[in-house]
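Data block below; observations after.
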Amino acid sequence: DAEITQSPRHKITETGRQVTLACHQTWNHNNMFWYRQDLGHGLRLIHYSYGVQDTNKGEVSDGYSVSRSNTEDLPLTLESAASSQTSVYFCASSEKFYNEQFFGPGTRLTVL
Amino acid sequence: GDSVTQMEGPVTLSEEAFLTINCTYTATGYPSLFWYVQYPGEGLQLLLKATKADDKGSNKGFEATYRKETTSFHLEKGSVQVSDSAVYFCALAQNTGNQFYFGTGTSLTVIP
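Chains C and U are the protein sequences, given in the same order. So for the first sequence, my numbering puts the first residue at 1; every next one is plus one. So for the second sequence, my numbering puts the first residue at 113; every next one is plus one.
Here it is, written out as C-alpha cells:
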C-alpha cells in the first residue's frame, strides 16, 4: 500500500543546531507540504512543492528550507534551531492541489 | 481571501449522544470541502469530502452536506462512541488556486 512516512518520530536538539526532518511518500504525488501544529494555532503551512525542483514558501517559512530533488522526498531543514520551533511537524502529499492531502504520522521536535 | 471557520472546542459528549461540529467557509467559486480527523499521537486522516453543492459526504457514521446557500459544511453523527474522541478539522481547497485551507480544529471527548 502507498504511504507517507516521516523520520525521526521524535527529536530533541539544542538551540543553534541544524536539523533535517525527512518525509518520504510512495503515492507518486507531485504535491508535497510541510506543516507545523501548535496548540492554539491549528495547522500552519511552512513550505510546499508542486514537483521536482519546485519549492514555495508558506505562511511561516522563516527559519526553514526545503529542497525537492525527486518525486518521493521533501526534507525540511531548520538552519539554526530556535526554541520557538519546538512543535509537531507534519508532512503531506496530494495528487492535485485541490484533492485531499495524505498526512504522515508527524515528528515531535523539541529545541532546548 | 478564502478561509474556514470552525466552532470552538473542546466538546465533551456522553456516549451515544448526537454530535454536530459547525464549519462555515468563505470562498469564491465552488471549492471542495473536507473533514479530517486526528487521533491522539497520529497524523490527520481524511474522514469525508464533498466536491460540489448539495453533495453529502459520509464515512464511519459521520455525515456532512455541502450547503452553498449557507456556506456551511457541518459535521454530524447520530450516536458517538468513545473511540470517536479526536480532533476534527474542516478544510477547503480551490480547484482554480493553489491553496488548501484548514480550520483550527475542534477537540471532541466522548465519555462512557
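Cβ atoms here follow ideal geometry from the backbone N, Cα and C, with glycine treated the same way.
Item: Segment contact flag, the segment 21 to 29 of chain C with the segment 88 to 104 of chain C, C-beta cutoff 8 Å, min 3 pairs; Value: yes
Item: Spatial neighbours of K180/U in its chain, beta-carbon cut-off 7 Å, leaving aside the 5 residues before and after; Value: A165
Item: F97/C classed as buried or exposed, judged by whether at least 16 other C-beta atoms fall within 10 angstroms; Value: buried
Item: Alpha-carbon to alpha-carbon, N28/C and F130/U; Value: 39 Å
Item: beta-carbon V88/C near the ligand ATP non-hydrogen atom, thresh 7 Å; Value: No copy of the ligand ATP appears in this structure; indeed no ligand is present at all.
Item: Beta-carbon proximity check, T86/C vs V66/C, cutoff 8 Å; Value: no
Item: Contact list for E100/C against chain U, beta-carbon separation under 7 Å; Value: F146, L158 and K161
Item: Status (buried if at least 16 other CB within 10 Å, exposed otherwise) for L156/U; Value: buried
Item: Alpha carbon of S191/U to alpha carbon of Y48/C, nearest angstrom; Value: 38 Å
Item: D167/U (DSSP reduced to helix, strand or coil); Value: coil
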